[in-house]
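Each remark here refers to the structure printed beneath this line.
Numbering (the UniProt record's numbering), first residue to last: 1 to 298.
Set out below in C-alpha cells:
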C-alpha cells in the first residue's frame, strides 16, 4: 500500500509500472502479433494506471497484467474485422530479440513468427490463455481470474490452443540446422537454383508475402514444393541483383533483412521441420519493416 503525497505516490506508480512494462508489452505483442499496436496498448495502460486509485491495490503487477490482457483481447476482437480486409496474406510484425531474447517473458515461447501467425487463427481469449500459460507460466487459477472464467475452462482454452498448434506445425529442427537451411535457401533463391530449392522445401511448403497491398508482393500464398520452387526461380532475376542481404535476428530466430538502395524491402524468415522448409515468410509491408529496421539501429 502506497502512502505519502501525490508526487511520492506517482513516483511509486511509475516504478511499479516500469518494473512490469516489458512483460506487459510481451503479453500484448504475442496476442496481437503487432509491436506498434502493443506499444499503443501499453501506453493506454500507463495513462489508466496514473488515474487509478492505487491506495487499495496491493499487487500492482497483478492489476496491470489483468487490465493489459483484457485490453489486448478487446483490441484483438476488433482487429479481426480489420484483418479480414487486409490486402494479401497477413504476417505478424517482426521484433528484434537481440536485446531481450524472451521479450518480457519467463520463456521465449509463443514468439516465433510462425507460431504468432498460427495463433492468429484462434479466438483472442484462447490466444491470451495460451500466451499467459506458455510464455509467462501463470498458474491456471490466475489466468482464470484475468479472463473472468473458470479454471476448468481455462485449461480447455490452453489445451485447444496447443492442439491447434501441434496439428498445424511439425517438430522444429535445432537452431544450427535452422540457420544452415536458411543459408542454403538464400543462396538457392538468389541464383534461381531449382534443383536445390526442390531438395530443401517440404512437400506442402507455403510461401507468404505480406505487402499489405503496398508492394508488388504476391496477394495469395504460393503452395506446394513445385509451385514455390518455380515462383522463386521466376522471381530471382527481378529481385536479387539489386538486393543487399543482412543477417539479423527476428523473434528468436535467424532472419535476413533485404534492402535495395539502402532501404529495407523485405525480412525473410523460415519455419523449418525435419521434412524441410514448411513456411517461407516475406514481411514486405513498409509499416512493419520500418519499425523493425529502426529497432536494429537503436
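Glycine included, each C-beta is placed from N, C-alpha and C at the ideal position.
Relative to the alpha-carbon of residue i, which residue among the options has its alpha-carbon at the smallest distance?
| i | options | result |
| --- | --- | --- |
| residue 231 | 197, 252, 114, 260 | 197 |
| residue 177 | 289, 273, 193, 119 | 273 |
| residue 42 | 54, 69, 53, 212 | 69 |
| residue 50 | 108, 29, 9, 101 | 9 |
| residue 47 | 256, 100, 14 | 14 |
| residue 34 | 11, 75, 243, 19 | 75 |
| residue 54 | 16, 39, 296, 27 | 16 |
| residue 169 | 214, 285, 115 | 115 |
| residue 212 | 84, 72, 57 | 84 |
| residue 181 | 200, 172, 167, 101 | 200 |
| residue 117 | 292, 271, 171 | 271 |
| residue 78 | 221, 111, 37, 150 | 37 |
| residue 28 | 226, 72, 44 | 72 |
| residue 87 | 285, 296, 167 | 285 |
| residue 80 | 220, 102, 125 | 125 |
| residue 261 | 275, 243, 253 | 243 |
Helix, strand or coil, according to DSSP, for residue i in the structure here?
| i | result |
| --- | --- |
| residue 264 | strand |
| residue 5 | Per-residue confidence for residue 5 stands at a pLDDT of 48, beneath the threshold of 50, marking its modelled position as unreliable; the derived number appears in the next sentence. Residue 5 falls in the coil class under three-state DSSP. |
| residue 223 | strand |
| residue 233 | helix |
| residue 297 | helix |
| residue 279 | strand |
| residue 93 | coil |
| residue 242 | coil |
| residue 290 | helix |
| residue 15 | helix |
| residue 78 | helix |
| residue 20 | helix |
| residue 274 | coil |
| residue 256 | strand |
Can you round the beta-carbon distance between residue i and residue j to whole angstroms, since I take them to be within the 8 Å contact cut?
| i | j | result |
| --- | --- | --- |
| residue 210 | residue 282 | 7 Å |
| residue 240 | residue 190 | 5 Å |
| residue 277 | residue 266 | Not a contact, Cβ separation roughly 16 Å. |
| residue 208 | residue 91 | 6 Å |
| residue 186 | residue 233 | Between residue 233 and residue 186 the Cβ distance is about 14 Å, and since that is not below 8 Å, they are no contact. |
| residue 279 | residue 206 | 6 Å |
| residue 30 | residue 110 | 5 Å |
Is residue i close to the ligand ZN? I mean its beta-carbon at under 7 Å from any heavy atom of the ligand.
| i | result |
| --- | --- |
| residue 119 | With respect to the ligand ZN, the structure offers nothing, as it holds no ligand at all. |
The segment 56 to 65 touching the segment 17 to 32, judged by at least three CB pairs closer than 8 Å: Contact holds: three or more Cβ-Cβ distances are below 8 Å.
Inside the segment 96 to 148 only - alpha helix (DSSP H) runs reaching at least 4 residues: Entirely contained in the segment 96 to 148, the alpha helix (DSSP H) runs reaching 4 residues are, in chain order, 113 to 119, 124 to 134, 140 to 147.
Length-filtered (4 minimum) alpha helix (DSSP H) runs lying within the segment 139 to 219: Complete alpha helix (DSSP H) runs here, min 4: 140 to 147, 151 to 168, 175 to 191, 194 to 200.
Three-pair Cβ contact test at 8 Å for the segment 242 to 259 versus the segment 92 to 99: Using a C-beta cut-off of 8 Å, the segment 242 to 259 makes contact with the segment 92 to 99, since at least three inter-stretch Cβ pairs fall below that distance.
Length-filtered (4 minimum) alpha helix (DSSP H) runs lying within the segment 24 to 61: Correct list: 35 to 51.
Given 8 Å, three or more beta-carbon pairs between the segment 125 to 134 and the segment 159 to 177: The count of Cβ pairs closer than 8 Å, one atom from the segment 125 to 134 and one from the segment 159 to 177, reaches three, so the stretches are in contact.
Given 8 Å, three or more beta-carbon pairs between the segment 147 to 157 and the segment 121 to 132: Cβ pair count under 8 Å is three or more, so yes.
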